[in-house]
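*Asks:*
Protein chains: 4
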Amino acid sequence: MLKNNIKGKNNMETTSCINPNDVKIKIPTLVGLKKNQETTIVNVNGVEFGGSKVVIVAGPCAVESQEQLFETARSVEFNGANILRGGAFKPRSSPYSFQGLEEEGLKLLSQIRKETGLAVVTEAMDTRQIELVAGYADMIQIGSRNMQNFPLLKEAGMCGKPVLLKRGMMATIEEFLNAAEYVLHHGNDQVVLCERGIRSFETSTRNTLDLSAVPMLKNVTHLPVIVDPSHGTGVRWMVPAMAKAAVAVGADGLIMEVHYNPEEALCDGEQSLSLDEFENLMRELPKIANAVGRQI
Amino acid sequence: MLKNNIKGKNNMETTSCINPNDVKIKIPTLVGLKKNQETTIVNVNGVEFGGSKVVIVAGPCAVESQEQLFETARSVEFNGANILRGGAFKPRSSPYSFQGLEEEGLKLLSQIRKETGLAVVTEAMDTRQIELVAGYADMIQIGSRNMQNFPLLKEAGMCGKPVLLKRGMMATIEEFLNAAEYVLHHGNDQVVLCERGIRSFETSTRNTLDLSAVPMLKNVTHLPVIVDPSHGTGVRWMVPAMAKAAVAVGADGLIMEVHYNPEEALCDGEQSLSLDEFENLMRELPKIANAVGRQI
Amino acid sequence: MLKNNIKGKNNMETTSCINPNDVKIKIPTLVGLKKNQETTIVNVNGVEFGGSKVVIVAGPCAVESQEQLFETARSVEFNGANILRGGAFKPRSSPYSFQGLEEEGLKLLSQIRKETGLAVVTEAMDTRQIELVAGYADMIQIGSRNMQNFPLLKEAGMCGKPVLLKRGMMATIEEFLNAAEYVLHHGNDQVVLCERGIRSFETSTRNTLDLSAVPMLKNVTHLPVIVDPSHGTGVRWMVPAMAKAAVAVGADGLIMEVHYNPEEALCDGEQSLSLDEFENLMRELPKIANAVGRQI
Amino acid sequence: MLKNNIKGKNNMETTSCINPNDVKIKIPTLVGLKKNQETTIVNVNGVEFGGSKVVIVAGPCAVESQEQLFETARSVEFNGANILRGGAFKPRSSPYSFQGLEEEGLKLLSQIRKETGLAVVTEAMDTRQIELVAGYADMIQIGSRNMQNFPLLKEAGMCGKPVLLKRGMMATIEEFLNAAEYVLHHGNDQVVLCERGIRSFETSTRNTLDLSAVPMLKNVTHLPVIVDPSHGTGVRWMVPAMAKAAVAVGADGLIMEVHYNPEEALCDGEQSLSLDEFENLMRELPKIANAVGRQI
Numbered sequence: 185m186l187k188n189n190i191k192g193k194n195n196m197e198t199t200s201c202i203n204p205n206d207v208k209i210k211i212p213t214l215v216g217l218k219k220n221q222e223t224t225i226v227n228v229n230g231v232e233f234g235g236s237k238v239v240i241v242a243g244p245c246a247v248e249s250q251e252q253l254f255e256t257a258r259s260v261e262f263n264g265a266n267i268l269r270g271g272a273f274k275p276r277s278s279p280y281s282f283q284g285l286e287e288e289g290l291k292l293l294s295q296i297r298k299e300t301g302l303a304v305v306t307e308a309m310d311t312r313q314i315e316l317v318a319g320y321a322d323m324i325q326i327g328s329r330n331m332q333n334f335p336l337l338k339e340a341g342m343c344g345k346p347v348l349l350k351r352g353m354m355a356t357i358e359e360f361l362n363a364a365e366y367v368l369h370h371g372n373d374q375v376v377l378c379e380r381g382i383r384s385f386e387t388s389t390r391n392t393l394d395l396s397a398v399p400m401l402k403n404v405t406h407l408p409v410i411v412d413p414s415h416g417t418g419v420r421w422m423v424p425a426m427a428k429a430a431v432a433v434g435a436d437g438l439i440m441e442v443h444y445n446p447e448e449a450l451c452d453g454e455q456s457l458s459l460d461e462f463e464n465l466m467r468e469l470p471k472i473a474n475a476v477g478r479q480i
Numbered sequence: 185m186l187k188n189n190i191k192g193k194n195n196m197e198t199t200s201c202i203n204p205n206d207v208k209i210k211i212p213t214l215v216g217l218k219k220n221q222e223t224t225i226v227n228v229n230g231v232e233f234g235g236s237k238v239v240i241v242a243g244p245c246a247v248e249s250q251e252q253l254f255e256t257a258r259s260v261e262f263n264g265a266n267i268l269r270g271g272a273f274k275p276r277s278s279p280y281s282f283q284g285l286e287e288e289g290l291k292l293l294s295q296i297r298k299e300t301g302l303a304v305v306t307e308a309m310d311t312r313q314i315e316l317v318a319g320y321a322d323m324i325q326i327g328s329r330n331m332q333n334f335p336l337l338k339e340a341g342m343c344g345k346p347v348l349l350k351r352g353m354m355a356t357i358e359e360f361l362n363a364a365e366y367v368l369h370h371g372n373d374q375v376v377l378c379e380r381g382i383r384s385f386e387t388s389t390r391n392t393l394d395l396s397a398v399p400m401l402k403n404v405t406h407l408p409v410i411v412d413p414s415h416g417t418g419v420r421w422m423v424p425a426m427a428k429a430a431v432a433v434g435a436d437g438l439i440m441e442v443h444y445n446p447e448e449a450l451c452d453g454e455q456s457l458s459l460d461e462f463e464n465l466m467r468e469l470p471k472i473a474n475a476v477g478r479q480i
Numbered sequence: 185m186l187k188n189n190i191k192g193k194n195n196m197e198t199t200s201c202i203n204p205n206d207v208k209i210k211i212p213t214l215v216g217l218k219k220n221q222e223t224t225i226v227n228v229n230g231v232e233f234g235g236s237k238v239v240i241v242a243g244p245c246a247v248e249s250q251e252q253l254f255e256t257a258r259s260v261e262f263n264g265a266n267i268l269r270g271g272a273f274k275p276r277s278s279p280y281s282f283q284g285l286e287e288e289g290l291k292l293l294s295q296i297r298k299e300t301g302l303a304v305v306t307e308a309m310d311t312r313q314i315e316l317v318a319g320y321a322d323m324i325q326i327g328s329r330n331m332q333n334f335p336l337l338k339e340a341g342m343c344g345k346p347v348l349l350k351r352g353m354m355a356t357i358e359e360f361l362n363a364a365e366y367v368l369h370h371g372n373d374q375v376v377l378c379e380r381g382i383r384s385f386e387t388s389t390r391n392t393l394d395l396s397a398v399p400m401l402k403n404v405t406h407l408p409v410i411v412d413p414s415h416g417t418g419v420r421w422m423v424p425a426m427a428k429a430a431v432a433v434g435a436d437g438l439i440m441e442v443h444y445n446p447e448e449a450l451c452d453g454e455q456s457l458s459l460d461e462f463e464n465l466m467r468e469l470p471k472i473a474n475a476v477g478r479q480i
Numbered sequence: 185m186l187k188n189n190i191k192g193k194n195n196m197e198t199t200s201c202i203n204p205n206d207v208k209i210k211i212p213t214l215v216g217l218k219k220n221q222e223t224t225i226v227n228v229n230g231v232e233f234g235g236s237k238v239v240i241v242a243g244p245c246a247v248e249s250q251e252q253l254f255e256t257a258r259s260v261e262f263n264g265a266n267i268l269r270g271g272a273f274k275p276r277s278s279p280y281s282f283q284g285l286e287e288e289g290l291k292l293l294s295q296i297r298k299e300t301g302l303a304v305v306t307e308a309m310d311t312r313q314i315e316l317v318a319g320y321a322d323m324i325q326i327g328s329r330n331m332q333n334f335p336l337l338k339e340a341g342m343c344g345k346p347v348l349l350k351r352g353m354m355a356t357i358e359e360f361l362n363a364a365e366y367v368l369h370h371g372n373d374q375v376v377l378c379e380r381g382i383r384s385f386e387t388s389t390r391n392t393l394d395l396s397a398v399p400m401l402k403n404v405t406h407l408p409v410i411v412d413p414s415h416g417t418g419v420r421w422m423v424p425a426m427a428k429a430a431v432a433v434g435a436d437g438l439i440m441e442v443h444y445n446p447e448e449a450l451c452d453g454e455q456s457l458s459l460d461e462f463e464n465l466m467r468e469l470p471k472i473a474n475a476v477g478r479q480i
């Protein structure tokens, strides 16, 4: 069933799903929202994406050391985060940049999960890593640069763990939905979509966070949608404002980079919140959530 | 003083203003935020942009007829709008599209202002129109396509009325600030900046609303910043969600297209709220405003 | 006839012209290529755009002084340029940059035309300048930032001189054609289209020169199409390679910035060829022109 | 040596190579052009990229059948192509599109290589495929969507075959160079860079072919640079004009899609040349090559 389909052209199987607002996107079958369908609940070790609670995913860009990870994890847990993020395999533009602690990093994530009770999401970049990563993590992240890494998407469809799929920085909404369709088509409907900024001509921010992607996606798919204001801006002090906007626009969750010492981070320090900044933000966010009928 | 400066190269006069967050933008002198400076209050016939109240500007894309304008204006006023928008001179991509009622439209705007008490903002596209438009309107709009129409910016600087300056659809933040600098340099500091969507590769929306422009601008300039979710999305049903996000992110106001019969609009009907949709949105927005410490 | 048409929506009058290659662009009536129609010859004081000769337009970004203009003009004329460019009114991002010599610049252009025999093209930015500029110049340039300055396009349609219309940096091919349609609709079919680079995410060049615009435009319109590799790259040493590519792709002409002392230019020196560089390029270009069946 | 380097931040090892034109790109060490260095010759089974000959790579988007591949290959070989392209593993946006013949396709490529003498380039999408693909092909293609698939780049560095690296559709020149650096850093300096169009706002073409990337890259790297006008435009009738421009601008080769029956192609038929169209183009290209001092 999952074997390659050899078909003629024009065989894009588009959905019979509802699209009450008549968007000009071809919506693939499995990800498409059906009549009267609710948002799919994606359950990550007990944490539910897609319900009335806005899920908070926080943690460092990369796992760098036991101290860095554990201090950061304890703090974000104390301040209300639901899931811990942290990269063990890092996709870096330059081969000379820190590439991650690999399995050592996965082990650290696993240890602190036991201590804090936080579920863990971490990235897999290679089809050969999926099984290893799935053995340690509660949720597999497919990063922006791999959104159209189709063999990886197929493996993610067969890995048995929920998937966090980040939008490619150059991907249209239609391409994003089709990437998710690969995962569902290979047997896994536990997929959370993440808007994380697209590339535009503007250079004062690292990316342009496309918050309109949230209502657009929620109009056409039953999958939960979250927002990454850290990569979305690349600028630490902008993260709180954009996080609030993301909750107001209807996101089912947020994923944010937090570091116990951003100035010394090996990766993305300039967009990581300090522990205090995260704490302050977590005091503000529930007000916005309540204003749109949700909780944090 | 306002005569052309003939100077050598590298004479961009950048500001000595504060920029606590170390953004890599060259900020022009007059628009730059100075130490301890508050947001400038732009007063449009008694309506204040830049204070704790979020200003609501609403009305049709174009003034089409007395009935269309008056019914729409009465309804938005009743539901809490502070300022009426409506174009008498319309910048249309095609010469065969409706170009606006011109002075007749200005007269209608003036009449309904008297009846409703709403202040009026309308666009001027030509240096030769500025005086005429300023004679009828309370605020002159410079549209996206004219953001770098420098003679028009100079005239707007000398027109004696507050200016609503919309960001060009492919203008960087730095270019946007420099466009505003033209207006201030020619004598007018009553300028409101408006993010209205930038052009990206994404085609499911008309533009990509760059909400990160709001915190970015408010970090570097003392001018108020508002958001146009109608042009920013080009999609009617997305306007409420993006309006909420804009308030959450810290906008000083919203400008939205509202039409008493969007299906029959001569211009931009697909992005105009109906009267009922506007009414519903105006019931939701105060909750978000309160959640960020403001009022509507 | 030229009065604003007040019509209902959906009244874009698209062409019945041929479009043998089935491009998905709505082509406006007057600019659209008709069956068996040849490229329109645009005659600028005897220099013909649209024939078998590739027209060379060269000169400084801005007219800065008699010496600068005259030395540059004499040199480009000697090396084979057909038309002299040079701005008297300059659209500058910052109000503190050199804004041009205004009428004094027009007079200098007029003087050197008499001496060299070169036709002159220069920019008008304001409806109020059109008559003045048309009194001195052989061809009126509408710059990128004014491509959708519709009142200016209407005046250009009525000015009695050929028009050089530059593509906006954010303009689609369809918008570009509609901008030209404004000029034709107001009575002037002597319009040359100029691709000058669009804005993309790439930052190593000032713009991204879209050479595919040339065959695309020539497939759907009868207007001549030229290329500006100076603004298209913003990088002096890239101009010769891109100029060759433009001729190979089928452009009807080139417009290039040349300065007798680029390092001291008041405007765009980093993209201006020196006199020697222009001379060298003019020795190379005829080979490419011949290879595609044309002459320089 | 090839093990991950765990280093602190700010350790981008930039080159000491020459950059006579002072481009603001950080150029990685191994790909950077050194003083007096010539273009690296990349030898693909006797065909040399980077010399005075412009290399022609042609063939179908995907290997579909023996008949389709063999007829197309014989024809492009007869008309002067040097290398045969054809995908056995296809990265398709939708899981329901034709995904390629996999190893069966590789075998067909291998058979027709024997018959025609053409070298073969084909894509690998998965680290687990590299060894298989390298066993059949003379050159491994890394596609646009995998330009930042770092594990794949590392494997390509160790595969023992030359690599054709396509620019990501939203990759900056700097990111492109860093992707190549991964391959060189892992032991393989036989890398050809391919500009294949970037994503912009323009929708009349599939991508925007950035020909300025050719002189930009050749200014900073010793690697050969080729152009793909098929993906670069997505429009069959535009391919010849853009191919000519690519040769004029200095490309070291072209890669083009050719199909014996484009209307029936399972993939990218709308951008594939027919056999006749390719034949006609191959008669035109040598003239352009000669005009810039090269041969085909």
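Residue numbers (this note's numbering), protein chains in the order written: chain E, 185 to 480; chain D, 185 to 480; chain B, 185 to 480; chain C, 185 to 480.
Virtual Cβ for every residue (Gly too), placed ideally from N, Cα, C.
Under the rule that 16 or more other beta-carbon atoms within 10 Å means buried, what is B:Gly230, buried or exposed?
*Replies:* Taking the third sequence and counting its residues from 1, the one referred to as residue 230 of chain B is at position 46. Its Cβ having fewer than 16 others within 10 Å, B:Gly230 is exposed.
*Asks:* Under the three-state reduction of DSSP, which class applies to E:Gly437: helix, strand or coil?
*Replies:* In the first sequence, residue 437 of chain E corresponds to position 253, counting from 1. Of the three classes helix, strand and coil, the one that applies to E:Gly437 here is strand, per DSSP.
*Asks:* Which residues in the same chain have their Cβ closer than 6 Å to the Cβ of B:Pro470, if we skip the five residues on either side of it in sequence?
*Replies:* As a working mapping, residue 470 of chain B is identified with position 286 in the third sequence. Answer for B:Pro470: Ile480, listed in chain order.
*Asks:* Apply the 10 Å Cβ neighbour rule to B:Gln325 and answer buried if 16 or more other Cβ atoms are within range, or exposed otherwise.
*Replies:* One-based indexing of the third sequence puts residue 325 of chain B at position 141. So B:Gln325 ends up on the buried side.
*Asks:* According to DSSP, which residues form a beta bridge with B:Leu407?
*Replies:* The residue you call residue 407 of chain B lines up with position 223 of the third sequence. Beta-bridge pairing links B:Leu407 to no other residue.
*Asks:* Name, in chain order, the residues that DSSP records as bridge partners for C:Arg269.
*Replies:* On the fourth sequence, residue 269 of chain C is found 85 positions in, with the first residue counted as 1. Looking at the DSSP assignment, C:Arg269 forms a beta bridge with C:Val305.
*Asks:* Spell out whether any CB of chain D is found under 9 Å from the CB atom of E:Ile480.
*Replies:* Taking the first residue of the first sequence as position 1, residue 480 of chain E is located at position 296. No, because no Cβ of chain D sits closer than 9 Å to the Cβ of E:Ile480.
*Asks:* DSSP three-state call for E:Gly327: helix, strand or coil?
*Replies:* Sequence index remark: in the first sequence, residue 327 of chain E carries index 143 (1-based). Three-state result, E:Gly327: coil.
*Asks:* Our contact map puts C:Cys378 next to C:Val411 with C-beta atoms below 8 Å; I'd like the distance itself, whole angstroms only.
*Replies:* Here residue 378 of chain C is taken as the residue at index 194 of the fourth sequence, counted from 1. Here residue 411 of chain C is taken as the residue at index 227 of the fourth sequence, counted from 1. So it is a contact: roughly 7 Å between Cβ atoms.
*Asks:* With DSSP collapsed to three states, give me the class of E:Gly284.
*Replies:* The residue given as residue 284 of chain E occupies position 100 in the first sequence. E:Gly284: coil per DSSP, three-state reduction.
*Asks:* Quick one: what does DSSP say B:Lys402 is sitting in, helix, strand or coil?
*Replies:* The residue given as residue 402 of chain B occupies position 218 in the third sequence. In this structure, B:Lys402 counts as helix in the three-state DSSP scheme.
*Asks:* Could you tell me whether the Cβ of C:Glu441 comes closer than 9 Å to any Cβ of chain B?
*Replies:* As a first step, residue 441 of chain C is located in the fourth sequence; it is residue number 257 there, counting from the start. It does not: the Cβ of C:Glu441 has no partner Cβ on chain B nearer than 9 Å.
*Asks:* Restricting to Cα atoms, I'd like to know which of C:Gly477, C:Glu468, C:Glu447 is closest to C:Gln252.
*Replies:* Counting from 1 along the fourth sequence, the entry for residue 252 of chain C is found at position 68. Nearest C-alpha to C:Gln252: C:Glu447.
*Asks:* D:Thr417: buried (16+ other C-beta within 10 angstroms of its C-beta) or exposed?
*Replies:* Counting from one through the second sequence, the residue named residue 417 of chain D turns up at place 233. So D:Thr417 ends up on the buried side.
*Asks:* Measuring only the C-alpha atoms, how far is E:Gln295 from E:Ile314?
*Replies:* For the purposes of this step, residue 295 of chain E is taken as the residue at position 111 of the first sequence. For the purposes of this step, residue 314 of chain E is taken as the residue at position 130 of the first sequence. Straight-line Cα distance between these residues: approximately 19 Å.
*Asks:* Got a sec? Which residues, its chain only, sit under 8 Å from D:Ala482 by beta carbon, not counting five neighbours each side?
*Replies:* This structure does not reach residue 482 of chain D, given that chain D is present from 185 up to 480, and the question cannot be answered.
*Asks:* Does the contact criterion of 3 or more C-beta pairs under 8 Å hold for the region 418–437 of chain D versus the region 234–241 of chain D?
*Replies:* These segments touch.
*Asks:* How many Å lie between C:Leu465 and C:Ser456 at the Cα?
*Replies:* In the fourth sequence, counting from the first residue as 1, residue 465 of chain C sits at position 281. In the fourth sequence, counting from the first residue as 1, residue 456 of chain C sits at position 272. Roughly 13 Å separates the two Cα atoms.
*Asks:* At least one CB of chain E closer than 9 Å to the CB of D:Thr213: is that the case?
*Replies:* The residue labelled residue 213 of chain D in the question sits at position 29 within the second sequence. Not one chain E Cβ lies under 9 Å of D:Thr213.
*Asks:* Using a Cβ-Cβ distance cut-off of 9 Å, determine whether E:Ser328 contacts chain B.
*Replies:* Within the first sequence, residue 328 of chain E is the residue found at index 144, counting from 1. Answer no: the Cβ-Cβ gap between E:Ser328 and chain B never drops below 9 Å.
*Asks:* Pick helix, strand or coil for D:Asn474, following the three-state DSSP scheme.
*Replies:* Here residue 474 of chain D corresponds to residue number 290 of the second sequence, with the count starting at 1. Helix at D:Asn474.
*Asks:* Look at the alpha carbon of E:Gly414 and the alpha carbon of D:Ala397, and state the distance between them as a whole number of angstroms.
*Replies:* For this step, residue 414 of chain E is matched to residue 230 along the first sequence. For this step, residue 397 of chain D is matched to residue 213 along the second sequence. Correcting the residue type first, residue 414 of chain E is Ser in the shown sequence and not Gly. About 15 Å.
*Asks:* So, at 6 Å on beta carbons, what are the nonlocal neighbours of B:Leu290 in its own chain, with the 5 sequence-adjacent residues on each side left out?
*Replies:* Looking up residue 290 of chain B in the third sequence gives position 106. The residues are Ala272, Tyr320.
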